[in-house]
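Residue numbers (the numbering used here), protein chains in the order written: chain D, 702 to 1291; chain H, 12 to 538.
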């Protein structure tokens, strides 16, 4: 979430009413922003990403003014046509086809105002236009530009100008390579066949959105009084909001706004390709009073609801008195529910009573979870300590340290963007984490008998060839089918002390399976993590018809080589049981 | 008098408390004090006697002392020479006629070995009591006693005098000259050795003397109650020894659940008590379920590499995977793009199936809520669901960040549900978690309206702690999944901060450190 620094004096003047320190803090929190800190000069607030219009002193002050009752309804905004045109050509890159622009005159800029404007431009860039991926915003001193202006596509090699902060003329490719902004944002446009540029009537290249302005005509400072402001990008909707937000802020800063006529030669937008910017006419939305009351659990009258909306800066349509007028800078009103939310904020979250409805619903614990809790209790009864480890582990520990081979390695689900080698894969079985615990607890008392029941993931052997064609969605089976990752619950248990041996592990697993009434046998098997001849597979034979039985667990003495890999100096016997499988068998047996 | 009877009481209590081993040893202490004597006399093992002495000392009946003594001990040759005289004495004896003798004759006469003769000649020469000369013609050594030798024979050797003592004896009883002599003897093979001995001895304290005087009855006291006693009933003739129940005992530890799981069980209990059904699901999820189904636009920062863990292989999910999900994918695409039939404008962008296919580690358990809605039928309403599960964020591990942690998510799907109910459920939950004061601040999440951050007042430090987010699911979420716009209250709360507070951890990582001592000894999760 973006944090903005507000000049407190400017903000308080805009808010129109001076509040006590306490009240100010309280109101800032309850309008829906996070107050980070506040002193005599500055207020630092986090603005939620749905309110980019509050990223400046002017925007914040405007919202606050009505919220605290110093004003109500739609905020004033006026503009006059400049008579200028901006031609938007079809030669533009298809990735960057839109532009909107306007003029702000009569600004008395000083260092503070320049800071405010630049902060707004930057914060909008970070949020609304997603680090320039969804649009770029440019500011220019008007006096250096000759209208009409063209926004068009040119081959990168043919684009030559002096970029901001440089003294030497460069072509577009050189800018991508050498200019800091080119390096930072070049990834957005480097694959385009043509790049987008603003060119004025003197054929001067003004800028190359979304990267950089020209040093000659695209640099504002404290002497600037008249601004040309443009927004460009792949999404007309987004850049329109950005431009509206800037226009509203400059207007509140004291500027006079002049509109520019956009002329799109392919006529894909506006009326015949033409429209004036900024268009600050509010959007209309019907107010569903019944819906708002029902969702909030209130019984407010129309007038009250209208009043709350006006408190949040909305206008009320005078003609039918049942439509909200949404300011052109509010990008967050998608649905009736967003009006409802603003009514709730104006009503005050702290003014709602809370109540639990008397609705009878039947509680139900997940059956597998319930089963797992019983199994955990059995292990606690046997004196085991329960561990809780991360699902994210690493391939080295899951495979190499356990002396496993390629086949097991290939089943490990790895992360694409792991931050460290230590945490780069999802655990494929439980024992490696438990051995790590033993290696980290050598100073603690023995015996160290530990267990953990948790989720492990493996690449599914093969995605199901046949898709289910059922017309209902069964998510539980679908997720694995969709992701290609199988997940099971596994129980890992280790017994570690100087006299640990196979018998003790066998006693424990036989006791568990006895309680579950699952007849079983242990057959010898080879497994590289265990001592040869001291490792077996536990096979459960649920009924006589199933002669094969199901392999539900490995059990054995951990190989000294594996212990050495973990730096463990005490013998360990262990087993790992597929809890999901056992649970399924018990359920099928019912 | 009162004092005396108090002391008597005290002594009686002490005597009653005596362990059978103590009862055997204690009466011996007025006659014996050394450990070895006590062992001999009591016929117990040395460790048993030591244990009894230790206990008696704990009861302040005796004081145990330990001395280190230097003892001179006779070796094998020492014993032989003590009986048959030292070889040098015998050598000199064979010369007592004052004539010059062939050395071989002397050896024969003295009945000593060649080696002993060499030693003897060495010693006697040093003492200057014989003369030795070589007869070159006959090629033999000739020896003769001197006057000093005769005198020595009469007076006796210092070494002999030392050997005459009763061994072993303490070195410290010797005078300086005798000590020198002893040292000299220790250098000779197998004669005398000086060993260090630890000698433990007990001496009675005043209290001990009084207790002994009071007398230990011979009556048999019972230490352990045995099966045999109970079977035969002969315990009736016996007296039970009193135990020192204040004596410290060694610690034991039992089996123990991990405290996080104890807390999870408690949280589950709360939701179950409130009539919620449990939701479960996978940790690897398609972005479609984790984000798109929850109306999170595809360019949302949460979907970037630095926030979410993506899966390397299989990196893409198979979506849509069947006819029903094909319909759902279409509905969600249209809802994102223009709102479809939800009454929303949508996000107004081109929704891309490829973005939705990316497999991720779920970033919130809200993904399970979305899947539950997709499964729910209208006839199941009203319905309430909860989940407790692990969620993942691409964070570097440090004291206040984990890359995986626990969330509890709930949804209430009820045509009559409203915002006030949402606040009600949350307040009730936190009250049961030990937080009386809860406040709600406006917030923003892409998938809820009336979004709120839930904060609780810490009962001790009086600071507000942010513990989760809540709201009413947007129509853009509900309509495509459920097929109808019905109020769905939703919340997702983090558990680790509550745990950190409860267990007074300063570092989040302590929760998953799996230090066995910490797990075994942590207080129970009781609220």
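Note that CB positions come from ideal geometry on N, CA and C, so glycine has one too.
Beta-carbon proximity of residue i to residue j, cut-off 8 Å
| i | j | result |
| --- | --- | --- |
| residue 979 (chain D) | residue 895 (chain D) | no |
| residue 942 (chain D) | residue 829 (chain D) | yes |
| residue 1128 (chain D) | residue 1267 (chain D) | no |
| residue 212 (chain H) | residue 51 (chain H) | no |
| residue 501 (chain H) | residue 422 (chain H) | yes |
| residue 1254 (chain D) | residue 1219 (chain D) | no |
| residue 808 (chain D) | residue 928 (chain D) | yes |
| residue 867 (chain D) | residue 916 (chain D) | yes |
| residue 431 (chain H) | residue 883 (chain D) | no |
| residue 1198 (chain D) | residue 1148 (chain D) | yes |
| residue 802 (chain D) | residue 961 (chain D) | yes |
| residue 993 (chain D) | residue 1007 (chain D) | no |
| residue 709 (chain D) | residue 747 (chain D) | no |
| residue 907 (chain D) | residue 897 (chain D) | no |
Residue i versus residue j - alpha carbon distance
| i | j | result |
| --- | --- | --- |
| residue 188 (chain H) | residue 1200 (chain D) | 58 Å |
| residue 33 (chain H) | residue 1221 (chain D) | 53 Å |
| residue 914 (chain D) | residue 969 (chain D) | 27 Å |
| residue 85 (chain H) | residue 94 (chain H) | 12 Å |
| residue 1237 (chain D) | residue 1190 (chain D) | 20 Å |
| residue 210 (chain H) | residue 1233 (chain D) | 53 Å |
| residue 23 (chain H) | residue 261 (chain H) | 28 Å |
| residue 1174 (chain D) | residue 341 (chain H) | Summary for residue 1174 (chain D): the model assigns pLDDT 49, below 50, so the residue's position carries little reliability; its value from the coordinates is reported in the next sentence. About 14 Å. |
| residue 27 (chain H) | residue 234 (chain H) | 11 Å |
| residue 1084 (chain D) | residue 1135 (chain D) | 16 Å |
| residue 69 (chain H) | residue 220 (chain H) | 15 Å |
| residue 540 (chain H) | residue 55 (chain H) | This structure gives no information on residue 540 (chain H), because the portion of chain H shown stretches from 12 to 538. |
| residue 532 (chain H) | residue 64 (chain H) | 34 Å |
| residue 427 (chain H) | residue 488 (chain H) | 18 Å |
| residue 1059 (chain D) | residue 396 (chain H) | 16 Å |
| residue 450 (chain H) | residue 468 (chain H) | 8 Å |
| residue 1272 (chain D) | residue 412 (chain H) | 35 Å |
| residue 285 (chain H) | residue 769 (chain D) | 39 Å |
| residue 508 (chain H) | residue 734 (chain D) | 22 Å |
Nearest candidate by alpha-carbon position, reference residue i, set the options
| i | options | result |
| --- | --- | --- |
| residue 1183 (chain D) | H:369, H:429, H:434 | H:369 |
| residue 1034 (chain D) | H:341, H:335, H:356, H:120 | H:356 |
| residue 1080 (chain D) | D:1029, D:1206, D:1130, D:1249 | D:1206 |
| residue 1263 (chain D) | D:1032, D:899, D:1139 | D:1139 |
| residue 191 (chain H) | H:173, H:178, H:200, H:206 | H:173 |
| residue 1235 (chain D) | D:1217, D:1019, D:1036, D:1258 | D:1258 |
| residue 351 (chain H) | H:492, H:378, H:77 | H:492 |
| residue 1094 (chain D) | D:1088, D:1106, D:1116, D:1107 | D:1116 |
| residue 765 (chain D) | D:782, D:806, D:714, D:796 | D:714 |
| residue 348 (chain H) | H:308, H:280, H:20 | H:308 |
| residue 343 (chain H) | H:410, H:364, H:160, H:472 | H:364 |
| residue 1028 (chain D) | D:1013, D:1021, D:1120 | D:1013 |
| residue 134 (chain H) | H:102, H:116, H:149 | H:102 |
| residue 484 (chain H) | D:1061, D:1211, D:1252, D:1036 | D:1036 |
query: Should the region 830-842 of chain D be regarded as contacting the region 777-789 of chain D, the criterion being three or more beta carbon pairs within less than 8 Å?
result: At 8 Å Cβ cutoff, the stretches do not touch.
- Task: Check whether the region 756-768 of chain D touches the region 852-861 of chain D, taking contact to mean three or more Cβ pairs, one atom from each stretch, closer than 8 Å.
- Result: No, because fewer than three Cβ pairs between the region 756-768 of chain D and the region 852-861 of chain D fall closer than 8 Å, the two stretches do not touch.
Quick check: the region 370-381 of chain H against the region 403-417 of chain H, are there 3 or more CB pairs under 8 Å?
-> yes
Entirely enclosed alpha helix (DSSP H) segments - the region 175-217 of chain H, minimum 4 residues | 187-197
Inset, instruction - Would you list, in sequence order, the uninterrupted beta strand (DSSP E) runs of no fewer than 3 residues that lie entirely inside the region 1057-1120 of chain D? - result: none
* To do: Count the C-beta pairs between the region 161-175 of chain H and the region 114-133 of chain H that are closer than 8 Å, then say yes if the count reaches three, no if not.
  => no
Check your understanding: Which ranges does the alpha helix (DSSP H) cover as unbroken runs of at least 4 residues, wholly within the region 998-1053 of chain D, from first to last along the chain?
Key -> Counting whole runs of 4 or more residues, the region 998-1053 of chain D contains the alpha helix (DSSP H) stretches 1003-1012, 1037-1048.
Margin query: Taking 8 Å as the cut-off, does the region 375-391 of chain H touch the region 286-293 of chain H (at least 3 CB pairs, one atom from each stretch)?
Written below: Yes, since at least three Cβ pairs between the region 286-293 of chain H and the region 375-391 of chain H fall closer than 8 Å, the two stretches touch.
Which residue spans inside the region 1191-1260 of chain D form an unbroken alpha helix (DSSP H) run of at least 4? 1203-1216
*Counting only runs that start and end within the region 928-968 of chain D, where is the beta strand (DSSP E) found for 3 or more residues in a row?*
Runs of the beta strand (DSSP E) spanning 3 or more residues and lying entirely within the region 928-968 of chain D occur at 928-934, 957-965, in chain order.
**OP:** Within the region 83-140 of chain H, note down every full alpha helix (DSSP H) run reaching 4 residues or more, in order along the chain.
**Re:** Every alpha helix (DSSP H) of 4 residues or more that sits fully in the region 83-140 of chain H is shown, in chain order, as 87-95, 98-104, 114-121, 125-137.
| task | Pick out the complete alpha helix (DSSP H) segments inside the region 302-358 of chain H, 4 residues or longer, and give them in chain order. | result | 334-349
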